[in-house]
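Novice:
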């Protein structure tokens, strides 16, 4: 294909016809603005519907911002058209829109028709496909579920850390710890451990195009590690022995010869190959070791340090390169390679086996659980992209695709978009990106994919007008970055300033400033300091310069300042220094609040609530920041009774949790003194309260007791989520009146008036392997290389390639950092040991090689170079900054005034409600956790009542078993949850006794704290549950769950129904009135009186989760849809002492189940679920008719289902299955009530 035609972007003349095009936008040049304007033109000039547009960007936050910008653009154009219609002069936010309005508004027909298009687009904007690439894949798989037989709602695993950690621990227990202790010692010495293995697996899991490291030799990676490891170790040892006896003397002589040669050429450092010192002792050590060890373990090999520190080929190659040899050749190649094979080979084999085994187990578990990751979403859609039905469906749905942040795409993403849109002559695919801002390589971003696509585009337009920064700053950055990115081989084009931002009125003459760290050692020619030493002074210098800026410029505010860092440790040091001078700061990050110090503090409180009589829990709470007892107070607490008082206090708060919640208990527990101390500790109080809110929400949604909530928080702290959901990001860091401290990666898309970049003088940190990303195949997949030693062979090549890639990305990170500023950039420069590959060197020293002489790095020489290049920059020595002083906020002027008086009281009815919450209003809340546990309401619909019943023979039959396999299974919320989770993830069509099912059962039993012996009973019970005919009323449906295909099932449908948004709050009597509809159906007028006796008042949202939805036919449009809810209620017979005598299908007659239904208000739950299903089908099923498609509800009582039976005799009902058809009039009335209120 010919090279693309290059243009300067013109917003109103950009062609909208089909084709593949690229829009290349430097930082601050308005690419989001350009995309919003293109959407406006597509909706009007091309008359496309909003649903025909796919807009994809990199993050959820970017998608939300882009949606808002598009909304503003459409609204501005609509307002202009309406002004013209009313004979008013239109006002527009910019000249581009004004020109567009002027061009097209004169045509009355166009104006009227386009006004309608804009109104329609604005009305549907919330449902438009403006999303991330993963969001697009997820929506597509959901939409294609009916036609493909796939899941209606693929479950995404957003955080895999807990799963990966468990798999790694299992592997360590089952494989590594089965090795002899000698071998384990050797593997630990070779850096194979649990944390490093988990890190590698997480890296593999994030990037869909990574391929597992291949073995250079045929090795059994499927079997157990121990026999393979021992066999390989002995084989490598035999090879080494043979070659050692044969070639060791030759190796000794040649090493001496090389050392003499290097010394003769003037090499100073040839350690460890000295000429004058005898090397014979190293060879003697090996001879002695071989003679004394008949069958050494790997630990013995690794303890013989001579192999790794002297004889290893990596040592020779490292010294040879130090002495000037670019491609050193091994003097005795076979023997030295045998040394490497013996020293590194067994560990590399174990690494390869571990990664292969754990990766397969990870995929297996996800398949069993029915979940997938974001990377697997891409791969799944990539596998079906060539299917004609899928391809035509997507091409028919979308006419245009706009892909933002294209520089961070990966080969799989590009393959998808290329196949769907670029290979079609009827579609427009516009990709927008900037290769200078490609900074997400660790997430799979691949710049080579960008350049490969760039070669294929028909047209490339450039955005070169900067709308972000002031004119002086733009001119300064243009000159400063003129050398471009030498390593990345990217030019940095000059941009034209277009912003009307005024420069800061400060003492400095230039908005680009360089603070020189201590350079005395460079000036006098002494040795360079370490990077750590040089970095120690930076936080204080940042604080001093920040105070100086704020004091000298009264118009500056704290939120005008931002400090960009590379690591969270740097951020913490900067925050500490700012706090020392009384400057508030906030860390803008995606960290998990449940992994913070605040969560650990709350853990002490929860532990004491769960175990208020446990002395250790009480003592930890006492010395925590919540109480702040000192050691003397703690020692006297037993004698003076304070510990007992604290125990009674915790019992009291525990009983109050159901009434006032965990947050209310926490706030009541803290006294005023502790509140004041917390307030001085930089957001700690706010963070603890946020953690309490999250735990409280989990207790509500999952029905957790205090003890279960304590365990839940422990798990969340052990496996934090990254990136954290917005609800789990620290809200204390959202405070506006503070200096922002941001990592450069997270600063993408942000902008600040003044930006500090104090760490760009540091070289990027080196990777340590042992698994490296290296070669690519024809499909763009990156193959991993396994190498422990990085000084020779493939390990050296992998390390060099990794260093080069990291240096390239550090250049791009530096570009992103400098272009965040609107008015001023403050850089720091210092030169420390091994920091020559930092990104600033190229820009400061005019593109010279990074290996500069010390004299060339002096401040005098640097100033000469910058002046010669006419770079407008101010150089300031660190010693010239004023001594540290404390910041004082400016005084507020004016008289204090009262705010407006509220005209109405707060609506306390508003909030999230649920069936459980409605029913629980009438329960006794003073029973604490015991009551919760007895109810077993851990999830919607779960109950564990022990109501004893009479023996009702179902339908006159007395042949049913009196004892079922689950009759004696433990009762309670935890046991019920265990069965629920198994059924949630178990494939119904496969037998419960398969290895996968057994793994699932054992895992969930262990998770619930139940003994493994229950697995047999659970297996038998599952067989009965899955094979019981459901006998759905109203049709001839006699199938069991095992007879249904996965396409007929929808598991775990979560819903949020709006409640009374436009009317008065709902009361129980309003809901009860709906049950009087359809009097011929069950649970009518009499049950309505029972509902009316409830005392709930609700407005806001009704939340819940439907266990299972069944489609009774393969043809979705002609089928009926049923709600099914699992019930673990126990119905059976006990003796006078309470001992269980029997519990089986015979006891689960319809009258017995109906009694349970009434006792627990299951009919109310079932009707609410049917309303949710009704709304879901009305949105998702074409030509939906409630009377035709809404089936009804089924309560599956798990302990009473009899299994496969002979249906030759006609049965009206089935034990353990309570099925009712949908009372359509009642459901529609309830739906109307929830929507409109009373």
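In the working numbering, the protein residues as written are 5 to 1242. For every residue, glycine included, the Cβ atom is placed at its ideal position computed from N, Cα and C.
(1) I'd like to know if the stretch 1065 to 1076 and the stretch 1101 to 1112 are in contact, where contact means that at least 3 CB-CB pairs between them fall below 8 angstroms.
(2) Hey, would you say residue 327 sits closer than 8 angstroms to residue 271, going by beta carbons?
(3) Mapping the DSSP letters down to three states, classify residue 967 as helix, strand or coil.
(4) Locate the beta strand (DSSP E) running through residue 1048, then write down its first and last residues.
(5) Spell out a yes or no on whether the stretch 165 to 181 and the stretch 332 to 351 are touching, meaning 3 or more CB-CB pairs, one atom from each, closer than 8 angstroms.
(6) Would you decide whether residue 501 is buried or exposed? Buried here means 16 or more other CB atoms lie within 10 Å of its CB.
(7) Count the other CB atoms within 10 Å of the CB of residue 1122; is the residue buried (16 or more) or exposed (fewer)?
(8) Restricting to Cα atoms, I'd like to know which of 614, 1095, 892 is closest to residue 655.
(9) Report the three-state DSSP secondary structure of residue 916 (helix, strand or coil).
(10) Give the secondary structure of residue 1108 by DSSP, where H, G and I count as helix, E and B as strand, and everything else as coil.
(11) Of the residues 211, 160, 364, 165, which one's Cα is nearest the Cα of residue 225?
(12) Quick one: give me the first and last residue of the alpha helix (DSSP H) that residue 1229 is part of.
(13) List the DSSP bridge partners of residue 850.
(14) Closest to residue 1189 by CA distance: which of 1125, 606, 1240 is it?
(15) With three or more beta-carbon pairs closer than 8 angstroms as the criterion, would you say the stretch 978 to 992 touches the stretch 1046 to 1059?
(16) Skipping 5 residues on each side, what residues in its chain have a beta carbon closer than 7 angstroms to that of residue 354?
(17) Rank 376, 61, 86, 268 by C-alpha distance to the C-alpha of residue 142 and give the top, closest one.
(18) Using alpha carbons as the reference points, say which of 976, 85, 625, 91 lies closest to residue 107.
(19) Could you name the residues that DSSP lists as bridge partners for residue 28?
(20) Mind checking which residues open and close the alpha helix (DSSP H) that includes residue 48?
(21) For the beta strand (DSSP E) that residue 826 lies in, which residues bound it at each end?
(22) Report the residue from 829, 457, 763 whose alpha carbon sits nearest the alpha carbon of residue 480.
(23) Rounded to the nearest angstrom, what separates residue 45 and residue 13 at their Cα positions?
(24) On the criterion of 16 or more Cβ atoms from any shown chain inside 10 Å, does residue 586 qualify as buried, or is it exposed?
(25) Pop quiz: residue 761 and residue 553 are said to be a contact at Cβ under 8 angstroms. What is the actual Cβ separation, rounded to whole angstroms?
(26) Kindly give me the distance between the Cβ atoms of residue 1193 and residue 1174, rounded to whole angstroms, as I take these residues to be in contact under 8 angstroms.
(27) Cβ atoms of residue 344 and residue 247: under 8 angstroms apart, would you say?
(28) Mind checking which residues open and close the beta strand (DSSP E) that includes residue 418?
(29) Taking all protein chains shown into account, do 16 or more other C-beta atoms lie within 10 angstroms of the C-beta of residue 1151, making it buried, or fewer, making it exposed?
(30) Count the other CB atoms within 10 Å of the CB of residue 596; is the residue buried (16 or more) or exposed (fewer)?
(31) Tell me where the beta strand (DSSP E) around residue 763 begins and ends.
(32) Where DSSP assigns a beta bridge to residue 320, which residues make up the other side?
(33) Taking DSSP as the reference, what is the three-state secondary structure of residue 1139?
(34) Between 1179, 976, 561, which has its C-alpha nearest residue 1131's C-alpha?
(35) Is the beta carbon of residue 823 less than 8 angstroms from the beta carbon of residue 31?
(36) Out of 306, 136, 261, 403, which has the shortest C-alpha to C-alpha gap to residue 381?
Specialist: Answer, in terms of the structure:
(1) yes
(2) yes
(3) strand
(4) Here residue 1048 belongs to no beta strand (DSSP E), and DSSP marks it neither H nor E.
(5) no
(6) buried
(7) exposed
(8) 614
(9) strand
(10) strand
(11) 364
(12) 1228 to 1240
(13) In DSSP, residue 850 forms no bridge with anything.
(14) 1125
(15) yes
(16) 191, 196, 229, 233
(17) 376
(18) 85
(19) 437, 466
(20) 35 to 48
(21) 825 to 833
(22) 829
(23) 15 angstroms
(24) exposed
(25) Not confirmed; about 15 angstroms, so no contact.
(26) With a Cβ gap of about 12 angstroms, residue 1193 and residue 1174 do not count as contacting.
(27) no
(28) Where residue 418 is concerned, there is no enclosing beta strand (DSSP E), although the alpha helix (DSSP H) it sits in stretches over 415 to 421.
(29) buried
(30) buried
(31) Unbroken run through residue 763: none, as it is neither H nor E.
(32) According to DSSP, residue 320 bridges with nothing at all.
(33) coil
(34) 976
(35) yes
(36) 136
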